[in-house]
Amino acid sequence: MVWGHASVRDPDGRGVWMKAAGYAFEEVTEDRVVLVSSRGEVLDGRGERHLEYPIHTELMAARPDVNAVVHTHAQAAVAFASLGVPLRAISHDAISFLDPDVPRFNDTGNLITTEDQGKALAACLGDAAGLLIPNHGLVTVGDTPAVAVMLAVLLARACDTQLRAIAANGPAEWSSDDEVREKRATITTPGFFTAGYAYLLRRAAGG
Ligand SMILES: [Zn+2]
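In terms of the working numbering, the sequence shown opens at residue 170 and continues consecutively.
If you want it as C-alpha cells, here you go:
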C-alpha cells in the first residue's frame with residue numbers, strides 16, 4: 170500500500186531521493202519525491218518524508234557500491250520470516266540471497282527511525298543483496314534502481330514460493346550451493362534485472 174519506500178543516491182552527495190510518504194509505489198511521480206539528508210532534513214522536493222529514512226541513508230553510507238534501496242512490508246516476506254526457517258533455492262528467485270542464507274535483522278520488529286538502528290541494519294546486511302526484518306518486512310539494495318527493485322520483487326516471490334512448498338509439506342529438494350552459484354552466473358546478469366525492471370515500468374505506465 171503506502172508504507173514501503175524506495176530511494177536513489179543523490180548524484181551530488183547531498184543525501185538520498187526517496188518516495189514521499191503517503192503514496193504507493195505506483196503513484197510515485199517526479200513531484201512526489203523528496204531529497205533527504207543523512208540527518209533526516211528534507212532539502213528538496215515536495216511532500217512528507219518517511220519516518221524510516223535511516224534505512225536508506227545509513228545503508229548507502231555503509232555501502233559505497235549501493236545507489237538504490239528498497240524497503241517493503243511484503244506479506245509473503247513477513248509470513249516467511251515468522252517461521253524462522255532457512256530460505257531454500259527452490260526457485261530462481263531465491264538465488265541472489267543465499268550466502269548461505271538471507272540475513273535476518275532481529276534487533277527490532279518496530280520501525281527503523283534512528284541513525285543507530287540504520288547503522289545496525291547496515292551491519293546486519295553486510296555485503297548481501299537483501300535481508301528480512303522479522304515482524305516487519307524486507308530490504309534490498311543495488312547499484313541501480315533496476316537491481317534494487319527487482320531484488321525486492323524476487324525476494325518476496327522467493328518467500329511466497331517457499332510458503333507454498335511448506336504448505337504442501339515440503340520442500341523436499343532445492344538447488345545445491347554449487348548449482349546456486351552456477352545459476353547466478355547464467356541467470357542474474359545485468360540484463361536480467363534491466364529486462365524485468367523495464368517490464369515493471371511499462372506495466373506501471375499502462376503500456
Ligand atoms: Zn517499514
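Think of the CB as a built atom: it goes at the ideal place given N, C-alpha and C, for glycine as much as any other residue.
In this text the structure is predicted, and so the values were computed from the model without any measurement.
For a cut-off of 8 angstroms, the C-beta gap from T226 to A321 is around 18 angstroms, too long to register as a contact.
In the DSSP assignment, T241 falls within the unbroken beta strand (DSSP E) covering A237 to T241. Exclusion of the five residues before and after M319 leaves F362, G365 and Y366 as the residues of its chain whose Cβ lies within less than 7 angstroms of its Cβ.
At a cut-off of 8 angstroms, the beta-carbon of L280 counts as near ligand 1: some heavy atom of the ligand is closer than that. Close CB contacts of A243 within its chain, under the 7 angstroms cut and outside five residues either way in sequence, are with G306, L307 and A325 (chain order). Within the DSSP secondary-structure output, H174 pairs in a beta bridge with H240. Y368 is classed as exposed because its beta carbon has fewer than 16 other beta carbons within 10 Å across all chains shown. In the three-state scheme derived from DSSP, where H, G and I count as helix and E and B as strand, T363 is classed as helix. Cβ-Cβ distances below 6 angstroms link S344 to A258 in the same chain, with the five nearest sequence neighbours on each side left out; the list follows chain order. DSSP links D285 through a beta bridge to no other residue.
In the structure shown, D347 falls within a helical segment according to DSSP collapsed to helix, strand and coil. When H261, T283, A246 and A263 are compared, the shortest CA-CA separation from N304 is found for A246. Cβ neighbours of T357 within its own chain (closer than 7 angstroms, five residues either side excluded): I264 and S265.
From the listed residues V203, A248 and S176, the smallest Cα separation to A327 is found for A248.
Here D285 has no same chain residue with a Cβ atom under 6 angstroms from its own Cβ, once five neighbours each way along the sequence are excluded.
Counting only residues of its own chain and dropping the five nearest sequence neighbours on each side, L332 has a CB closer than 7 angstroms to the CB of A245, A248 and F249. Between V310 and R218, the C-beta gap is not smaller than 9 angstroms, which leaves the two residues out of contact. Ligand 1 approaches E221 closely enough that one of its heavy atoms is under 8 angstroms from the residue's Cβ. Put simply, of D179, D268, L280 and F194 the residue whose alpha carbon is nearest the alpha carbon of V349 is D268. Within the stretch 178-259, the complete alpha helix (DSSP H) segments of 4 residues or longer fall at 222-231 and 244-250, listed in chain order.
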